[in-house]
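Residue numbers (this note's numbering): 28 to 108.
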């Protein structure tokens, strides 16, 4: 499975699995570096997804704030007194 294509939930699940393996007392020292390297890549994916979501949420909220500042169509079409 390619790291860039993995979703947040899958990356988090794999990270939890790796953590469990690393916590085991009988971890094979020959695979330790490989597991830590994979975990680091998965952490980067998760952080990227969180950052992307944060940016999108801020853009959506900013758009809502901008909409509140604009007059509604009924306010624009009201005749002047």
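Note that the Cβ used here is the ideal one computed from N, Cα and C, for glycine as well.
Q) Under the three-state reduction of DSSP, which class applies to residue 52: helix, strand or coil? A) Looking at residue 52 - three-state DSSP - the assignment turns out to be coil, as it is neither helix nor strand.
(Q) On the criterion of 16 or more Cβ atoms from any shown chain inside 10 Å, does residue 59 qualify as buried, or is it exposed? (A) Exposed is the call here.
Q. Can you check whether the CB of residue 69 is closer than 7 Å to the CB of residue 36?
A. Their beta carbons are not under 7 Å apart, which means residue 36 does not touch residue 69 by this criterion.
Q. When the Cα of residue 63 is compared with those of 76, 43, 81, which residue comes out closest?
A. Nearest neighbour of residue 63 by Cα position, chosen from 76, 43, 81, turns out to be 43.
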